[in-house]
Amino acid sequence: MSNTNSKRRTRLQTRVGCKAHFSVSLDCDTNKYIVRALEENHCHELATFCEVAWVRSHKNIDAEDLSQIDAMGNCCIRPCLTYEYTVNQKGGYSKIGFTQKEMFSTEEKDMLANIFWRDSHSLFEYQFFDDVLVFDSTYKINAYAKPLVLFVSVNNHRATCVFGVALLSDVTVQ
């Protein structure tokens with residue numbers, strides 16, 4: 002059963018079938034590393050010097066930046082201003098090594114972790130229509146990569162009833 006009207010989120014293609022690789026192994030007799038395989042030819046363009054900072058493997062927030070971000074947050078400086086200050090201090094976006102969204106994710110460690118919401122109308126509907134319950138966990142597709150859980154059912158008129166919504170910090174059982 003396929004729905005031709007359904008829309009999927011478009012995803013960037015990250016794999017291009019490049020055969021370039023570098024394989025190393027340890028020779029136990031000599032206690033030295035030996036190159037076992039090397040293929041230098043790429044089937045795609047390599048990232049330029051300015052683009053390397055945005056490659057996933059090169060992104061990181063060093064301890065100095067993290068300390069500065071925490072200190073500015075403790076002084077009630079808005080995160081967007083903290084990020085712009087860090088960009089200016091480093092000398093540009095290409096030299097910072099992380100995005101503003103990634104900076105927000107480091108600040109969440111001391112924030113509210115799990116939240117559940119329901120109102121009085123949702124509770125009223127739950128008391129009458131709790132026999133059919135759908136537990137939908139839309140896994141990590143929101144802006145903060147956190148699981149959004151919906152507690153949903155259908156009433157006697159086949160209308161959707163939302164019993165509650167939960168935004169979780171992770172998917173562990175606690």
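If you're matching positions, the sequence shown starts at 2 in the working numbering and goes up one per residue. Beta carbons are placed, not taken as given, at the ideal position from N, Cα and C, and that holds for glycine. All figures in this text were calculated on a predicted structure; none of them were measured in a lab.
Three-state class that DSSP yields for residue i in the structure shown
| i | result |
| --- | --- |
| residue 149 | strand |
| residue 2 | Low confidence applies here, because residue 2 scores a pLDDT of 47, under 50, leaving its location unreliable; read the following figure in that light. Looking at residue 2 - three-state DSSP - the assignment turns out to be coil, as it is neither helix nor strand. |
| residue 88 | helix |
| residue 122 | helix |
| residue 160 | coil |
| residue 165 | strand |
| residue 95 | helix |
| residue 102 | helix |
| residue 155 | strand |
| residue 135 | strand |
| residue 83 | helix |
Bridge-paired residues (DSSP) for residue i
| i | result |
| --- | --- |
| residue 39 | 23 |
| residue 44 | DSSP lists no partner for residue 44. |
| residue 127 | Paired residues: none, contrary to the question. |
| residue 50 | For residue 50, which the question treats as bridged, DSSP gives no partner whatsoever. |
| residue 116 | 168 |
| residue 33 | 28 |
Proximity test, residue i beta-carbon vs the ligand NAD heavy atom, cut-off 8 Å
| i | result |
| --- | --- |
| residue 85 | The ligand NAD is not among the ligands present in this structure, which contains no ligands whatsoever. |
Alpha helix (DSSP H) segment containing residue i, residue limits
| i | result |
| --- | --- |
| residue 68 | 64–75 |
Neighbour flag for residue i against chain C, beta carbons, 9 Å
| i | result |
| --- | --- |
| residue 81 | No chain C is present in this structure, which holds just one protein chain. |
At least three beta-carbon pairs within less than 8 Å, the stretch 63–83 to the stretch 35–55: no
Segment contact flag, the stretch 84–94 with the stretch 115–135, C-beta cutoff 8 Å, min 3 pairs: no
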